[in-house]
Each structure stands twice: as C-alpha cells, then as structure tokens.
Amino acid sequence: MINIENVTCRFSKRTILENISLEIQNHLCILGANGSGKSTLAKAITSLIPFVGSISIEGEKSEELSLKKRAKLLSYIPAKLEIYDTFMSVEEFVLLGRFAHKKSFFDYSKSDKTIANESIKLLKIEHLKKHAISSLSSGEQQLVLIAQALTQQSKIIIFDEPTANLDPHNSKIIAEHIKGLKEYHQVILITHDLHLASYLDVPVVFIKEKKTHYFKEGFFDDENLQKLYGVKFKEMSVSYD
Numbered sequence: 212m213i214n215i216e217n218v219t220c221r222f223s224k225r226t227i228l229e230n231i232s233l234e235i236q237n238h239l240c241i242l243g244a245n246g247s248g249k250s251t252l253a254k255a256i257t258s259l260i261p262f263v264g265s266i267s268i269e270g271e272k273s274e275e276l277s278l279k280k281r282a283k284l285l286s287y288i289p290a291k292l293e294i295y296d297t298f299m300s301v302e303e304f305v306l307l308g309r310f311a312h313k314k315s316f317f318d319y320s321k322s323d324k325t326i327a328n329e330s331i332k333l334l335k336i337e338h339l340k341k342h343a344i345s346s347l348s349s350g351e352q353q354l355v356l357i358a359q360a361l362t363q364q365s366k367i368i369i370f371d372e373p374t375a376n377l378d379p380h381n382s383k384i385i386a387e388h389i390k391g392l393k394e395y396h397q398v399i400l401i402t403h404d405l406h407l408a409s410y411l412d413v414p415v416v417f418i419k420e421k422k423t424h425y426f427k428e429g430f431f432d433d434e435n436l437q438k439l440y441g442v443k444f445k446e447m448s449v450s451y452d
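Residue numbers (my numbering): 212 to 452.
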C-alpha cells in the first residue's frame, strides 16, 4: 500500500502537484492531460524527484528506505529505455534486476540467474538473450524492461506510458502482460490510452489542475469523460482479445 499525504511537487518555481493526498491500496490507473503531473506523481512515489509532504510505502516513510529496500518494494518502468552501455545484452540487463537482492561485493548467484532466465522465458524473449539492448525495437525493449522488473521481484510495479511508442500489435502484447501481472503484483499504470486503462479494469485517479480525482467506477462514462477532458466522446468499445 502507498499512502500519500499533502504532497506538493515544484519545478523551477512552477507547481505541478499541490497538496495531493491519496491512499493506493491496490491496482490503480493514473490518467490526465499532457503536463498534468502523472509522471511527476510516479517519480515522487519512487523518490526519483524531491517533494514536500509525506509518502509511505508498506508503512515506511519513503525517504527513510534504503535503496535496496525501496527496490524490493517498487519497480518503475519508464516509457522508453535509456541505457548508456549500448553493448549490454538483454540477459545482462535483465539480471540487473537482482542487484537489490545480491550480497555486496559478490557476483550474482545461480538463483539470481535462474530468476532472470525465468522472467525472460515468461516474456517469450529467449531468442533475444544475447542481443544488444540497443539493437532491439521499441516493443522488444518494453518487454525487456518488464522482464527486469519481474526479476527484481518487487511488490509494486509502476508502468509509465508503456504503450506510448508502440504499434497496435505490440500494444496488445504489452497490455496482456500488464493485466496478467495483477495476479502477483500491485500494478500502477500511467497512460493516455483510454482503451488500455479500461482493459486493465482497475480504479482510476485523474489528475487535473494540480489535484487528484479518484474513481472506483464510472470513470469511462461518456458524460464523465467529456467533463474531464473537455471534448465529446462516443461510447467506448475496448478489445484486446
């Protein structure tokens, strides 16, 4: 569970989020217009950016968590893979997910490597194991990011625009994997894709004018969507089947 109390985020004197209070007990989808603060909220939760206020994860203050403890609780998957070692293989990159679990100054154990390989197999990317990360397509890279998060074995996985750069075929593959993860992890999805959000079938938080608006149900009603986005919507039909 994540508890957010009176959190404010500012950049260059500009306030992005102001006095946000939110309790995330289970799966959640975070929606909002461009620049509304969706990714800002996710990065505050993961302590990637500074904030004013209080964020607790599983009952512990986020700022008091060690890096390894935080990694065991949270995985953050960005919209795009950024890597500085262009020659790193898929296998090596996925194995990095075990860093929080391995003993300091020791190599990765046989168990670590087994867990990494099981994640690779689950995502059906065994054929890419020896390929350089930089040689992969956007869809393949997104699968590798998910494989690393699974290898990390954190309780909570945060996806930040996972289908933003993907074609419909790869979007469908990623959507199915994300939905399947709900069985074993707490999933938090940030997206612009209303079809993906509806398919995930979880409560929604909509960010507007620096504030959060929580919807346990009824978010995808045409009237509600029109009110929140300021444009007309026709009845949504969603299918990843």
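Using N, Cα and C, we set each Cβ at its ideal position, and we do this for glycine too.
Task: Endpoints, the alpha helix (DSSP H) within which Phe-304 is located - done: Here residue 304 refers to the residue found at position 93 when the sequence shown is read from its first residue. Run containing Phe-304: 301–306, per the alpha helix (DSSP H) assignment.
TODO: Could you round the C-beta distance between Leu-356 and Ile-288 to whole angstroms and report it? I think they count as a contact, below 8 Å.
DONE: Taking the first residue of the sequence shown as position 1, residue 356 is located at position 145. Taking the first residue of the sequence shown as position 1, residue 288 is located at position 77. Sure, about 5 Å apart at Cβ, within 8 Å.
Task: Buried versus exposed call for Arg-309 [16 or more other C-beta atoms within 10 Å across all chains shown] - done: Looking up residue 309 in the sequence shown gives position 98. Buried, since its Cβ has 16 or more Cβ neighbours within 10 Å.
TODO: Identify every residue that forms a DSSP beta bridge with Ile-215.
DONE: Indexing the sequence shown from 1 puts residue 215 at position 4. According to DSSP, which records beta bridges pairwise, Ile-215 is partnered with Leu-233, Ile-266.
Task: Whole-angstrom C-beta distance between Gln-359 and Leu-307, which should lie under 8 Å - done: Against the sequence shown, residue 307 aligns to sequence position 96. Against the sequence shown, residue 359 aligns to sequence position 148. About 6 Å separates the two Cβ atoms, so the contact holds.
- [ ] Alpha carbon to alpha carbon, how far is Gly-350 from Gly-270? Give it in angstroms, no decimals.
- [x] Taking the first residue of the sequence shown as position 1, residue 270 is located at position 59. Taking the first residue of the sequence shown as position 1, residue 350 is located at position 139. Between Gly-270 and Gly-350, the C-alpha separation is close to 35 Å.
- [ ] Would you kindly work out how many angstroms separate the C-alpha atoms of Tyr-319 and Leu-284, rounded to a whole number?
- [x] In the sequence shown, counting from the first residue as 1, residue 319 sits at position 108. In the sequence shown, counting from the first residue as 1, residue 284 sits at position 73. Cα to Cα, the separation comes out at about 20 Å.
Task: Member of Asp-432, His-406, Leu-439 whose CA lies at the smallest distance from the CA of Glu-420 - done: Residue 420 sits at position 209 when you count from the first residue of the sequence shown. That would be Leu-439, whose Cα lies nearest to the Cα of Glu-420.
Task: For Lys-402, the three-state DSSP class (helix, strand or coil) - done: Looking up residue 402 in the sequence shown gives position 191. Here residue 402 turns out to be Thr, not Lys, going by the sequence shown. Of the three classes helix, strand and coil, the one that applies to Thr-402 here is coil, per DSSP.
Task: Exposure label - Gly-248; buried when at least 16 CB within 10 Å - done: The residue labelled residue 248 in the question sits at position 37 within the sequence shown. So Gly-248 counts as buried.
TODO: For the beta strand (DSSP E) containing Asp-433, list its first residue and its last residue.
DONE: Residue mapping note: residue 433 aligns to position 222 of the sequence shown, counting from 1. Segment 433–440 is the alpha helix (DSSP H) holding Asp-433; no beta strand (DSSP E) there.
- [ ] Using a threshold of 8 Å, state whether the C-beta atoms of Tyr-425 and Val-413 are closer than that.
- [x] For this step, residue 425 is matched to residue 214 along the sequence shown. For this step, residue 413 is matched to residue 202 along the sequence shown. Cβ atoms of Tyr-425 and Val-413: not closer than 8 Å.
Task: Enclosing beta strand (DSSP E) for Leu-285 [first to last residue] - done: To locate residue 285, count along the sequence shown from 1; it is residue 74. Where Leu-285 is concerned, the enclosing beta strand (DSSP E) stretches over 285–288.
Open item on the list: Relative to the C-alpha of Ser-407, which candidate in Asn-214, Asn-381, Lys-427 has its C-alpha closest?
Closed with: For this step, residue 407 is matched to residue 196 along the sequence shown. For clarity, residue 407 is Leu in the given sequence; the question names Ser instead. Comparing Cα-Cα distances from Leu-407 to each of Asn-214, Asn-381, Lys-427, the minimum goes to Asn-381.
Open item on the list: What does the Cβ neighbour count give for Gln-236, buried or exposed, with the cut at 16 atoms within 10 Å?
Closed with: Position 25 of the sequence shown holds residue 236. Burial call: exposed.
- [ ] Just tell me which of Ile-294, Lys-291, Ile-268 has its CA closest to the CA of Ala-282.
- [x] For the purposes of this step, residue 282 is taken as residue 71 along the sequence shown, with counting starting at 1. Cα-wise, what sits closest to Ala-282 is Ile-268.
Open item on the list: Can you tell me where the beta strand (DSSP E) holding Lys-422 begins and where it ends?
Closed with: Locating residue 422 in the sequence shown gives position 211, where the first residue counts as 1. Taken as a continuous stretch (DSSP letters only), the beta strand (DSSP E) holding Lys-422 covers 422–426.
Open item on the list: Among the candidates Gly-391, Lys-279, Ile-369, Pro-261, whose CA atom is the shortest distance from the CA of Cys-240?
Closed with: For the purposes of this step, residue 240 is identified with residue 29 of the sequence shown, where counting begins at 1. Selected option, being the one with the closest Cα: Ile-369.
Task: Reference Asn-245, options Ala-375, Asn-328, Gly-391, Phe-444, closest by Cα - done: As a first step, residue 245 is located in the sequence shown; it is residue number 34 there, counting from the start. Among Ala-375, Asn-328, Gly-391, Phe-444, the Cα nearest to that of Asn-245 is on Ala-375.
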